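Visitor:
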Amino acid sequence: TQLLEQSPQFLSIQEGENLTVYCNSSSVFSSLQWYRQEPGEGPVLLVTVVTGGEVKKLKRLTFQFGDARKDSSLHITAAQPGDTGLYLCAGPYNQGGKLIFGQGTELSVKP
Amino acid sequence: GAVVSQHPSRVICKSGTSVKIECRSLDFQATTMFWYRQFPKQSLMLMATSNEGSKATYEQGVEKDKFLINHASLTLSTLTVTSAHPEDSSFYICSATRQGLYQETQYFGPGTRLLVL
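If you're matching them up, the sequences are chains A and B in order. Residue numbers 10 to 120, in my numbering, belong to the letters of the first sequence in order. Residue numbers 898 to 1014, in my numbering, belong to the letters of the second sequence in order.
(1) Check whether the Cβ atoms of residue 93 of chain A and residue 67 of chain A lie closer than 9 Å to each other.
(2) Report the rounded CA-to-CA distance for residue 1011 of chain B versus residue 985 of chain B, giving the unit in angstroms.
(3) Anything in chain B within Cβ reach of residue 115 of chain A, meaning under 7 Å, just list it in chain order.
(4) Less than 9 Å between the beta carbons of residue 988 of chain B and residue 958 of chain B, yes or no?
(5) Once DSSP output is grouped into helix, strand and coil, what is the label at residue 91 of chain A?
(6) Identify which residue in A:24, A:91, A:35, A:64 has its Cα closest to the Cα of residue 43 of chain A.
(7) Taking residue 50 of chain A as the query, report the chain E residues whose CB atoms sit under 8 Å from its CB, ordered along the chain.
(8) Pick out whichever of A:91, A:88, A:80 has its Cα sitting closest to the Cα of residue 35 of chain A.
(9) Look at the alpha carbon of residue 911 of chain B and the alpha carbon of residue 979 of chain B, and state the distance between them as a whole number of angstroms.
(10) Using a threshold of 9 Å, state whether the C-beta atoms of residue 24 of chain A and residue 77 of chain A are closer than that.
(11) Answer with yes or no whether the minimum CB distance from residue 31 of chain A to chain B is below 9 Å.
(12) According to DSSP, which residues form a beta bridge with residue 985 of chain B?
(13) So residue 17 of chain A and residue 86 of chain A are supposed to be a Cβ contact under 8 Å. How far apart are they, rounded?
(14) Output yes if chain A places a C-beta closer than 9 Å to the C-beta of residue 975 of chain B; else output no.
(15) Is the distance from the Cβ of residue 940 of chain B to the Cβ of residue 971 of chain B below 9 Å?
(16) Thinking C-beta only, is residue 927 of chain B closer than 9 Å to residue 949 of chain B?
(17) Using the beta-carbon count (16 or more within 10 Å), is residue 104 of chain A buried or exposed?
(18) Checking the sheet assignment: what are the DSSP bridge partners for residue 1001 of chain B?
(19) I'd like the list of long-range same chain contacts for residue 994 of chain B, defined as Cβ closer than 6 Å, with 5 residues on each side in sequence excluded.
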């Protein structure tokens, strides 16, 4: 059972366009994290959202945590080729610090 | 920021041999480390939780005799793929948990690409 549903799974856009990636669940999460992963490397943490309704900005990236803490979104403004990569949302489940990941969104930004 | 290293970064082995992958937290002590497996174009799948000084906890469907985990110290966990087969070829990633003032954060290693011929 996939607790975190991420969409879209693949996205190919032109430089300068905007995009939004969604991470949805039927479960409540105490927090959600967003990672970016480049080919052949490990994921790198972008942000952690903790409070329902929270909005965090990281340059051209805007992260939002749903009021009910069941969903999150990542919006990229004016995408650049350097934004290309696999974007993953993740949240803690059970105990012991385990993380469950969404399916990932493969983003390709063409110049 | 916290750094986690993995060694080797890539390994090619023959079917039937065993391969050991090391995961180290370089500038902090990690009581808990995690091992993930990732297939191309897919997300990370948790394999096991590695706790220093105790036996690892494996996720459902992961063979503990196939994937041996040893967490010998607060900065080192190892994953040994025993009697490797081509279907074990994958990208293996570890993470180490660092306790901060208010929350725990997982830091991921750069991954190890395993190819079994």
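Every residue, glycine too, gets a C-beta built ideally from N, C-alpha and C. For clarity, every value in this text was computed on a predicted model and none was experimentally measured.
Guide: Taking the definition as stated:
(1) no
(2) 8 Å
(3) 938
(4) no
(5) helix
(6) A:64
(7) Structure shown: chain E not included; protein chains present are A and B.
(8) A:80
(9) 11 Å
(10) no
(11) no
(12) Residue 985 of chain B pairs with nothing; no bridge assigned.
(13) Between residue 86 of chain A and residue 17 of chain A the Cβ distance is about 18 Å, and since that is not below 8 Å, they are no contact.
(14) no
(15) no
(16) yes
(17) exposed
(18) B:996
(19) 927, 929, 1001, 1003
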